[in-house]
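Residue numbers (the working numbering), protein chains in the order written: chain A, 13 to 159; chain B, 12 to 301; chain C, 10 to 822. Glycine included, each C-beta is placed from N, C-alpha and C at the ideal position. Structure first, commentary second.
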Amino acid sequence: MNIEGKHKFLASQEQIWDLFMDQKNLEKAIPGCEKMEEREPGKYDVLLKIGIAAIKGTYTGKIEVVDPEPPNRYRLLGEGSGSPGFVKGEATIEFSQEGQHTIVSYQGDMQVGGLIAGIGQRMIGGIAKMMAGQFFKKMAKELKSQQ
Amino acid sequence: MKPSAFEYFTASTVAEAIKLLERYEDEAKIIAGGQSLVPMMNFRVAQPEVLIDINGIKELDYIRQEDDEIVIGALTRERDLELSPLVQEKCPILAEAISLIGHASIRTRGTIGGSLVHADPAAEIPLTIYGLDAKMRVVGPSGERTLEPEEFFLSYLTTSLEPLEILVEVRIPVLPQKTGWSFVELTRRRGDFYIVAVASILFMEKGGVCKEARICLGGVGPTSIRAEEAEKILAGQVITDELIEKAGQKAAEAADPESDYHASAEYRRDMTRVFVKRGLAEARNRAKGG
Amino acid sequence: MPEQLKTFEHKKRNWVGKPLKRKEDLRLLTGRGTFMDDIRLPDMKHAAILRSPYPHAWIKGINVSEALNFPGVRGILTGEDIAKMSNPFPVGVQVPPKYYCCAIDKVRFVGEPVAVVVADDRYVAEDALDLITVDYEPLPVVMDIEEAMSPEAPVLHDNIGSNIYSHRFFQYGDMDKAYKEADLVVKGKFHFPKYGSTPIETYGVIASYNPFSEDFVIYNNYQGPFVNHSLVAIALGIPENKMRWIVPTDIGGGFGTKTGLYPYIALIALAAKKTGMTVKWIEDRREHLLASATGTDRVTYMEAAVKKDGTILGLKDKAIDNTGGYIRAPEPGCAYRSTGNHTGAYQIRNLDREVLVVGTNKCLTAPNRGYTCQELYFSLERLIDLVASELGMDTAEIRFKNFIQPDQFPYTTATGGIYDAGDYQKVFQMALDKIDYKKMREEQWKAREEGRLIGIGFSTVVDPSVTNIAYVTLALPPEERAKGHPKSGSGEAVIIKMDPLGTVHVIACTNPQGQGHDTVISQIVADELGVHPDDVTVSNAVDTHDRVFSITTGSYSSRFSSVVTTAVVTAARRLKEKMLKIAAHLLGANVDELEIQEGKIYVKGSPDKSMQMRHVAGTAHWNQSALPEGMDAGLYETCLYTMPTSQPPDDLDRVNSSNTYGFIAEAIVVEVDPETGEVKILKWASVHDAGTILNPMLLEGQILGSCAHGLGGSLYEEWAYDENGQCITASFQDYLVPTAMEVPKIDIGHVEIPSPITALGSKGAGESSCMSVPACIGNAIADALAPLGVTISELPLSPNKIWHLIQKAKNHT
């Protein structure tokens, strides 16, 4: 399914680039991220406990920062598998300055496979959007706490 | 489809249940009717390590009137609410909405509290509670608090209930006489989760004027949506077909639908318009005494 | 082709034709039936299956070490074991895929088995599944039927090199001439969805292996043994008599889902062999909705060469069936089963067919109730309506115009089908009368003026029953068939015996799944032997060691009513003949002078010259020396009956693919809500010619069930996948089976045109309206939406889909 959106941050584009490149922030902001270890620069092993309310699944996988063009854009690839199945996503994240604000816009595709896809198709799209929104909210919180 | 292993406790009072929650916190899940939880456990999408069975907390099973509120215990079964003369008289929209939940056997087990806490975006009770502007009373180790629908429902399957809290009661303002109301929904089969649902309430004044309208949309967002701009169109007006038409179109703009296998976002948005229209016409009819 | 169909003398019946209540019901309604899950064997262990979450992927590795150490786990099998312990299942195509009961190096649909865990109970087995890690390398998927044929499509089977499992051309008559003589050619493209039957009881297997005698005992709920027993033996690499299948008395619905190749029988058998334990596996609903069996989805291009007066001169069609990630027996029957009745109820003598069977990353297929006919008739009957529309003709009129006439039976179709008996006009007229057709047309016009959309739809279809297995060989062209071994037949075996105390017992092999076979068998035997149905007992579940069976034995293609009943009658008459011979011998009379009534055999005209039936039994068992010279002792007769109309195809690819041919006229009136796209059924008439009615109550049950089933495929049910190959209807929340609330009142009618080739004149009716309803509802909705310029060419028609069609049509105007 397609996910896309925009968020506004009160900071410079360079600050936002650094914010999004910092592993510590990603670990806090990625929904359900319990562990994140850098394998090589830009490549991370992750343990995700993703879920909503009582519905939780544990996925082990990878997150990669690909084709970085600081401070304008990069691609984020992620995939994880666990007993409920797998999740796979990729997004292009772009930054642009607008006065004192930086606009972060993202466009991507997410695939969910296995159990959740089979019985949860009704809500997958909305929940994926919601989690993307949570990610940015948490990033904004990190930004605030650093300022 | 067998659940993963869990420990099982029963509680016979609210205090006991909270104690168990304090002990097991995130590992625990409360089970009442189980109509949503048990399938999730059988599919293993939910794997609580501890189940706290509250079906024995009789003190939470009641329907009564206190002044101008209908007060309902969280453990009250949907079927009882559907058949309750008090609810049918003082809060008929709730009885109507509940009659559309699944099938009778499901309603015999399902509870109003369970439905609210589960917060499915296409469920009848949460939508109706929004429309009624009912309050949720919640109890935890640090005391109790009362939440409005907008505070209670956060998103898909998510409420603002803290891990150690239990929903104990729902308080519904009694609808004045001559209030128009309707609950209409679009489903593929009888008893399915709805594609779109609309709960409408029209508070009337003398001369057939609508004092205040509540138009609540279900199935077109992560939680129910109050179509406030559409409501404004009707406030203080005599409700004509023209205004109903306009309100329908305005309400469609307030919808935030997703596409899924059964219905596209465009379809849901247009059905919002259609069902708001149909719902308002039905509510107006009831207001007239029809 | 036989010059003369074998005919039977049709007698007056006392019991056959009565709505006798079912013998099966008492045990079923009081919870005393015996289903697969009721069977408990000593020291039985339980299996759970790990299934692929990927639609198409290499399996790079499987790690089961953690799972093996989980307490309560008794053993685990993966594809590596399966490859060592078994062979691929044979299938009747020229280049078969390598299909094992478990994925070996590659998965080809979501839900394909990847490993099996055997544990002390199912809970523990599922816990262990969570501990198995599989390293998948995902591959691009192919989901669309037509895209699967393109050279750029991802290839599912490297050994085949393309996704086309079967491809043939057929020509009957002279289509060129038809085109030349035609005034008009009307074309259509149609898409029939993938859907199934979801029987209440899912698959179940209990297997054990004796390493000393090297044989298997496998309990299962297969509708066979059919071809499956032999194919599983070949896959397991064992002689066929080293595998005993036992089916419980009761099966909770099959509908064809349990007649396709049942790989789990082999899988659980191997689990038993490897672990040395008795292993039970009951499929859960999610597994069923992922990886059991459905009908094929099909894309059809069909065109008709017609004259202005509505005469259809010829048909040309290209049909592409999708059997999913693999193809398995009895496919490619999906393309060939309906060969004999391809031109339906019409006098169409010219036909060009192109047949393709392809694979995509979807789950596999089996003969789903109706098997190929719902796909065929959706196209054919929709096309008939399109022709009528082009010619400005009434949709009833055009059907009458083209029907085979009553005096033309037995009628041999252009494709080799031999329609035994029928009166299509009478049946269709009854349906028209039931919906008050003329009045409905008037109401439709009035409604249109009010902006309401009422539609009237028909489908008039030939209902083929009793498969002639010869049709499967049509996958090979005539030259190839000539080199190999021909196939033909529709055989069935029935044994009838009388015990020493004079009671009657029948042994058959139909593995009933709720049809009420035992009741009907009792009615038949009661008529033949002059006893009461309550006095007749029946064993009807397969035990491949103890029962007589053949490659065609089982319940499928509605064969019970025709071939099994004929076998029962024949066996009963043989028993009766022997009894009369014994009585004649003892009474000193001639056999022709004797009559049986209410347990007594007497000389016609001299009722005091008689003896009780049980005394005949007594002589046969207790006083064998008193029997006529040369007669065998005991009272035990067998009939192994195959219909003589089941012959191999000829060199022109003509084959009588079935044996008895009923007829259905379906008439449905709908109203479509133009705002929401919801469909309401206002009237529904379903009229059937199933030949002689054996038990009207049971027949009505079959018709109602098949109507609901057809309604499901029309408006609700679809085995759906997203564009990434994920099955998204893996629970009943999303796979929508119609409930009692969705099925309207149906006005059922009957016209009995007896078949001359079955003992009782009955034809099959088990599939019936599954074949006709989707086409009929498609036609009704198309008729309703015609003023909006909407055409209907696919199913299911959800409100969402109809709304989109309406919007699309609006945007074009």
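Per DSSP, reduced to three states, the secondary structure at residue 148 of chain A is helical. Within 10 angstroms of the beta-carbon of residue 234 of chain C lie 16 or more other beta-carbons, which makes it buried. Straight-line spacing of the CA atoms in residue 90 of chain A and residue 81 of chain C works out to 36 angstroms.
Rounded to the nearest angstrom, the Cβ distance from residue 360 of chain C to residue 423 of chain C is 6 angstroms, consistent with a contact under 8 angstroms.
At a beta-carbon threshold of 7 angstroms, none of the residues of chain A lie near residue 584 of chain C; the nearest stands roughly 53 angstroms away.
Given a length threshold of 3 residues, each whole run of the beta strand (DSSP E) inside the segment 470 to 529 of chain C is given here in chain order: 501 to 507, 513 to 516.
Short of 7 angstroms from the beta carbon of residue 706 of chain C, and not among the five residues preceding or following it, lie these beta carbons of its own chain, in chain order: 28. Around the Cβ of residue 218 of chain C, a 10 Å sphere holds 16 or more other Cβ atoms; the residue is buried. Counted as a single uninterrupted DSSP element, the stretch harbouring residue 158 of chain C is not any alpha helix (DSSP H), since DSSP gives it neither H nor E. Residue contact with chain B for residue 751 of chain C: present (Cβ-Cβ distance below 7 angstroms to some residue of chain B). Along the segment 30 to 64 of chain B, the positions whose C-beta sits under 9 angstroms from a C-beta of chain C are 50, 53, 54, 55, read in chain order. At a cut-off of 7 angstroms between beta-carbon atoms, residue 141 of chain C makes no contact with chain B. Within its own chain, the residues whose Cβ lies closer than 6 angstroms to the Cβ of residue 323 of chain C, once the five positions on either side in sequence are excluded, are 184, 187, 314, 359, listed in chain order. Rounded to whole angstroms, the separation of the alpha carbons of residue 481 of chain C and residue 342 of chain C is 5 angstroms. Secondary structure at residue 382 of chain C: helix, using DSSP grouped into helix, strand and coil. For residue 356 of chain C, the closest Cβ of chain A is not nearer than 7 angstroms.
Shown here for residue 755 of chain C: same chain residues with a beta carbon closer than 6 angstroms to its own, the five before and five after excluded, namely 693, 695, 716 in chain order.
Residue environment for residue 340 of chain C: buried (at least 16 other C-beta atoms within 10 angstroms of its C-beta). With respect to chain B, the C-beta atom of residue 132 of chain C has a partner C-beta closer than 7 angstroms. According to DSSP, residue 214 of chain B shares a beta bridge with B:223.
Assignment of beta-bridge partners to residue 85 of chain A by DSSP yields A:81, A:106. The Cβ atoms of residue 111 of chain C and residue 122 of chain C sit closer than 7 angstroms to each other.
In the three-state scheme derived from DSSP, where H, G and I count as helix and E and B as strand, residue 648 of chain C is classed as strand. Counting along the chain, residue 821 of chain C sits inside the alpha helix (DSSP H) bounded by residues 808 to 821. Taking a beta-carbon distance threshold of 7 angstroms, residue 24 of chain B does not count as an interface residue toward chain A.
Cβ-Cβ distances below 7 angstroms link residue 263 of chain B to 280, 281, 283, 284 in the same chain, with the five nearest sequence neighbours on each side left out; the list follows chain order. Residue 603 of chain C is bridged by DSSP to C:612.
Residue range 404 to 411 is occupied by the alpha helix (DSSP H) that includes residue 409 of chain C. Among the CB atoms of chain B, none fall inside 7 angstroms of the CB of residue 146 of chain A.
At a Cβ-Cβ threshold of 7 angstroms, residue 679 of chain C and residue 464 of chain C count as neighbours. Within the segment 56 to 70 of chain C, those residues whose Cβ lies closer than 9 angstroms to any Cβ of chain A are, in chain order, 60, 61, 62, 63, 64. Chain B has no Cβ within less than 7 angstroms of the Cβ of residue 140 of chain A. Taking 3 residues as the minimum length, the beta strand (DSSP E) runs contained wholly in the segment 72 to 118 of chain B are 74 to 77, 80 to 84, in order along the chain. Buried is the label assigned to residue 54 of chain C, since at least 16 other Cβ atoms lie within 10 Å of its Cβ. Between residue 157 of chain A and the set A:124, A:20, A:37, the nearest pair of CA atoms involves A:37. Residue 325 of chain C: not part of any alpha helix (DSSP H); member of the beta strand (DSSP E) spanning 321 to 331, first to last residue.
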